[in-house]
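For the record, in the sequence shown the residue sitting at position 506 is 505 according to numbering that gives the first Met the number 0, with numbers rising by one throughout.
Following: one structure in structure tokens, then a few remarks.
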Amino acid sequence: MSEKIQGNIAIPGIAVGKIMKVGQSLDGYMAAYTPGSAEEELSKLEEAIDTISAAIDESVEAMREAGQDEQAEIMEAHSFLLMDPMLTDGMNDKTREMAHAPKGVLEAAQECAEMLAGMDDEYMRERSADVKDIGRRIARYLLGVKEPEIGEEPVVLCGFEVEPSAIANIPDDKIAGVIMGQGSTTCHAVIIAKSRAITTVVGLENRVEDIPEGAKVLLDGNEGIVLVNPSEEELASYDKKIKAQQEEQKRLEALRDLPAETTDGVRVQLAANIGLPEDAEAAAKYGNKGVGLFRSEFLFMGRENIPDEDLQFEAYKRAIVACHGETCVIRTMDIGGDKPLAYLEIPHEDNPFLGYRAIRISLERPDLFMPQLKGILRAGVYGKAAIMAPMVISVDEVKGIRAAMEKAMAELEAEGKEFSRDVELGIMVETPAAAVMTPVLAKYVDFFSIGTNDLVQYTLAVDRVNPQISKLYDHFNPAVLQLIYRTIKSGVENGKWVGMCGEMASDPYAAVILMAMGITELSMSAPSIPRVKEKIRSISMDEAKAHLEKVMAMETGAEIREYLHSKI
């Protein structure tokens, strides 16, 4: 008899395969390892890093040749992390201190991962898994751990955290699905799985330990269900669903080059959220129109000193060029007391998420802000760039940013460097203060981009990563919708475009009412674009406005969600 385990939907679909456990304990190998002297261990570490780096480069090249650009970009990011002194110097220091290379590697990777995991930005938090992946991969090499063999039957990878490299290195015809104990849908493992349309269920927590190695499983990614050792009858009942899934995939792929346009001709721009310049090119396979959020934080991480103007210029230029004439919105540094960077010198804060961070730091640190502004202005020559400031709450801050931009232009002109004067300035509307003040703020900016992840959190006083209250975190809460509508109306009335770059933008049902409110652009994880586009193309603006009128009269988020899912 089959066992049913309920998880959460990460990537819809139906899949059948044999369980392959990943991310398993290395304790036994560690106990059997005999270390040498500190110098011998450092030599082993150097060889391991070189070997793993070469293996990553080889796999990246193979992925590019196979047209798997997004996987290649993510694995290339692992290569960049291996060159990051924050990680590699830590590994060397720990190895020298412990005279034990595998222990040093794992401890250094864990410390680096914990730093990333403590950040406010969700994207940055999810990169902690990439660091741990690299650490475990190097440790496995040092310990002589052999990679698991894959037989003829497709496998379903299973673990509390599944390493991105584990997914990326298995051929398409050998991987059927992914099961994870942790609940994130934005980690790189899920992103890689999504780029290959691999059915994925997350949030099983410790139940993943109950699923035996080699067991046959059926994943219903549409319902978040895992059936362990399904019966023949259960397998047969899913045949129609599998065929329907294949047809849907073909339908979504056919939308790539079509506009996000309503049945009566109203268009919304669908852009991509990225964290690395290379992500912009990878997004093209999903039909994005530009970048609505380039998180610049990675340029500031893992360094002893502030990234210089030229380094930033080259990174921004690559992303802007990859947008092929569409707008690339670059968010200025969103780093604060929760991110212990040496050059920030921020004292301990009891509540860093409400503390000294983001634009509050930038405006007080010209040595930090000016190289970034100058890098973006110079990169703007190569396409259409926009600057977006995070955590703005007042007109004074916007005026300060404008003044800094003018100073940056004056310095570039005096230095004889080419730059663009047409770079737009916008702000992220992610605090209730900014949303309430948008009628005034609209006079001083070129655009708004609504950051719903924080706007929902701050409006509802709900920590979105706290499992005890996560059910209260709802972008359809009427209070949140009122602030979003106010922001969009403020932009429209002042002739400014309004976008959204939070998770709400990737919700096809939310897209309909946002469009009716008058939003100009929706920016999201690139794989979400086809479904949002399909929903927009299925409805007229008149119909969307009728739904909006009903939604804005409702009193609870649950009522709104139920209405939208049943009527649209």
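Ideal Cβ placement from N, Cα and C applies to all residues, glycine included.
Note that the structure is a prediction, hence the values are computed from the model and not measured.
Using a Cβ-Cβ distance cut-off of 8 Å, the stretch 443-455 and the stretch 487-498 are in contact, since at least three pairs of beta carbons, one from each stretch, lie closer than that value.
Its Cα nearest to that of residue 126, the residue 79 stands out among 79, 542 and 235. Annotation: the continuous alpha helix (DSSP H) that includes residue 456 extends over 451-459.
If you draw a straight line from the Cα of residue 59 to the Cα of residue 53, it is about 10 Å long. Taken through DSSP and simplified to helix, strand or coil, residue 446 comes out as strand. Here the stretch 254-271 makes contact with the stretch 531-551; the two share three or more CB pairs at distances below 8 Å. Between the alpha carbons of residue 83 and residue 562 lies a distance of about 49 Å.
In terms of Cα proximity to residue 328, the closest of 299, 379 and 352 is 379. With contacts defined by Cβ atoms closer than 7 Å, residue 225 and residue 4 form a contacting pair. Judged by their CB atoms, residue 18 and residue 214 are nearer to each other than the 7 Å cut-off.
Across the structure, residue 377 and residue 282 are spaced so that their CA atoms are roughly 24 Å apart. Note on residue 230: under 16 other CB atoms within 10 angstroms of its CB, so exposed under the neighbour-count rule.
Taking a contact as a CB-CB distance under 8 Å, the pair residue 180 and residue 203 counts as one, their CB atoms being some 5 Å apart. The Cβ atoms of residue 508 and residue 567 sit closer than 7 Å to each other. Per DSSP, the unbroken alpha helix (DSSP H) holding residue 545 starts and ends at 540-550. The alpha carbon of residue 277 has as its nearest neighbour, out of 373, 556, 322 and 95, the alpha carbon of 322. The stretch 101-117 makes contact with the stretch 130-139: 3 or more CB pairs, one atom from each, lie closer than 8 Å. In this structure, 526 is the residue among 536, 526, 560 and 546 with its C-alpha nearest to the C-alpha of residue 11. The closest CA to that of residue 46, considering only 90, 24 and 27, is found on 90.
Shown here for residue 453: same chain residues with a beta carbon closer than 6 Å to its own, the five before and five after excluded, namely 429 in chain order. Taking 8 Å as the upper bound for CB-CB distance, residue 450 and residue 385 are not in contact here, some 15 Å apart. Taken atom to atom, the span from the alpha-carbon of residue 96 to that of residue 33 is near 16 Å. About 18 Å separates the beta carbons of residue 475 and residue 538, which is beyond the 8 Å limit, so they are not a contact pair.
Every alpha helix (DSSP H) of 4 residues or more that sits fully in the stretch 333-392 is shown, in chain order, as 358-361 and 365-378.
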